[in-house]
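To keep things clear, I will list the structure first and then write my remarks on it.
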Amino acid sequence: MAYETIIVEIEDHVALVKLNRPDALNALNAQLLTELADAMGAAQKNDKVRCIVLTGSEKAFAAGADIKMMSEKSFTEVFTEDLFGPETAEISRVRKPIIAAVSGYALGGGCELAMLCDFIIASDTAKFGQPEVNLGVMAGIGGTQRLTRAIGKAKAMDMNLTGRFMDAEEAERAGLVSRIVPAKKLMEEAMAAAAKIAEKSMISVMAIKESVNRSFEVPLQEGLLFERRLFHSTFATEDQKEGMAAFVEKRTPQFRDR
Ligand code: CO8
């Protein structure tokens with residue numbers, strides 16, 4: 013598929029996916045989400061890709077779902093086409109890690125898209141918000157669900173009910189982002205984090221992603237059992253033998269994803 017609203021570059025083992033609707037501050041429309049889901053699916057299938065970085069522009073990661081596209085839609089339309097449901101579900105099924113590198117606005121669907129990723133590295137200019145309430149609607153891709161799990165009820169209610177923005181420092185304090193870096197260093201930091209992940213055994217990496225995500229779906233004892241069994245299963249891999257041998261022999265492990 014040829015893309016018009018995103019740019020994909022594969023550098024070493026990292027797929028860098030850049031949202032590219034500068035005139036609309038990367039607002040998410042049907043075309044962009046279809047292309048993004050396609051690119052994520054392709055990255056999942058591409059054996060060269062071991063980690064994905066999703067980013068926007070310096071001014072905006074994404075300023076939300078495209079309000080102009082949605083403004084005339086009826087309930088029947090959004091319900092029957094399940095607006096944004098299939099594409100976002102496809103992105104959430106990607107098993108390789110996805111890092112969101114967020115600069116500027118990450119609002120509404122933009123904040124939700126960042127939360128669909130596995131962790132967020134934010135520039136010091138990042139602003140997060142769920143301002144849908146100002147439009148007479150509400151969040152629809154996780155702004156009341158993933159955000160609540162990430163930052164707790166008090167702040168999630170505050171963000172969703174008042175529509176206020178949260179700066180990078182507050183977002184880091186609240187647990188929404190994993191690190192803040194100066195705007196100029198954002199891509200360098202995100203690509204370095206991706207390169208570090210790309211050095212690991214993909215089996216460990218995918219199992220870790222699956223296990224952390226499982227913690228949101230099941231009670232603690234079930235999650236701990238799931239985690240322990242996955243841990244046990246890593247002992248069936250060559251990479252476990254290699255990783256532990258390398259530690260004992262004081263050398264760098266050579267993982268082969270086996
Ligand atoms: N949709 C469409 N166009 C947008 C959007 C958007 N979300 N955000 C910005 N744009 C456009 C503007 O209309 C403008 O275009 P034009 O030049 O043609 O008028 C251009 O981008 C630049 O924007 P501004 O001139 O407004 O730039 P400012 O720097 O003055 O302001 C803001 C930046 C504060 C980010 C401002 O643009 C803004 O408030 N944007 C809207 C933010 C918003 O409300 N986001 C939530 C959208 S609703 C949503 O995300 C729902 C998600 C759930 C979907 C669920 C489906 C299941």
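Quick note on our numbering: the sequence shown kicks off at 13 and runs consecutively. We treat Cβ as the ideally placed atom computed from N, Cα and C, and that holds for glycine.
Residues in the same chain with beta-carbon distance under 6 angstroms from residue i, minus the five sequence neighbours each way, listed in chain order, please.
i: Lys262; result: none
i: Ser227; result: Gly235
i: Lys71; result: Gly116
i: Ser104; result: Leu128
i: Met150; result: Glu144
Have a look at the options and flag the residue whose alpha-carbon is nearest the alpha-carbon of residue i.
i: Leu95; options: Arg161, Asp78 and Ala258; result: Asp78
i: Lys133; options: Ala118, Pro143 and Leu147; result: Inspection of the sequence shows that residue 133 is occupied by Ile rather than by Lys. Cα-wise, what sits closest to Ile133 is Ala118.
i: Val29; options: Ala113, Thr88 and Ser135; result: Ala113
i: Ala248; options: Asp269, Thr264, Phe259 and Glu144; result: Asp269
i: Leu125; options: Arg191, Leu40, Asp35 and Val20; result: Leu40
i: Phe131; options: Ala206, Ser86 and Asp35; result: Ala206
i: Met13; options: Val217, Arg33, Ala54 and Pro265; result: Ala54
i: Asp179; options: Met214, Met218, Ser135 and Lys208; result: Ser135
i: Glu144; options: Val230, Asn58 and Ser83; result: Ser83
i: Lys80; options: Ala36, Ala258, Leu31 and Tyr15; result: Ala36
Please confirm whether residue i and residue j have their CB atoms less than 8 angstroms apart.
i: Gly141; j: Cys123; result: yes
i: Val65; j: Ile111; result: yes
i: Val76; j: Gly121; result: Checking the displayed sequence, the identity of residue 76 turns out to be Gly instead of Val. Cβ distance < 8 angstroms, so Gly76 and Gly121 count as in contact.
i: Val26; j: Ala166; result: no
i: Gln56; j: Thr17; result: no
i: Met127; j: Arg107; result: no
i: Leu12; j: Ile163; result: Lying outside 13 to 270, the shown extent of the chain, residue 12 is not represented and no answer is given.
i: Ala183; j: Ala138; result: yes
i: Ser216; j: Thr264; result: no
i: Glu201; j: Val193; result: yes
i: Ser213; j: Gly148; result: no
Going by the DSSP bridge assignment, what does residue i pair with across the sheet?
i: Lys139; result: Tyr117 and Asp179
i: Ala134; result: Val114 and Ile192
i: Lys30; result: Ile19 and Thr67
i: Ala77; result: Leu40
i: Ala204; result: Paired residue(s): none; Ala204 is not in a bridge.
i: Ala72; result: Tyr117
Whose C-beta lies closer than 8 angstroms to the C-beta of residue i among residues of the same chain, with five residues either side of it excluded?
i: Met203; result: Glu23, Val26, Leu28 and Val65
Between residue i and ligand 2, is there a pair consisting of the residue's CB and a ligand heavy atom that are separated by less than 7 angstroms?
i: Asp35; result: For ligand 2, the structure offers nothing, since it holds only ligand 1.
Q | Stretch-stretch touch, CB-based, cutoff 8 angstroms, three pairs: the stretch 169-182 with the stretch 196-211 | A | no
(Q) Under 8 angstroms, with one C-beta from each stretch per pair, do the stretch 36-54 and the stretch 99-107 reach the 3-pair mark? (A) Contact holds: three or more Cβ-Cβ distances are below 8 angstroms.
Q) Are at least three pairs of beta-carbons, each pair with one atom in the stretch 217-225 and one in the stretch 239-253, less than 8 angstroms apart? A) yes
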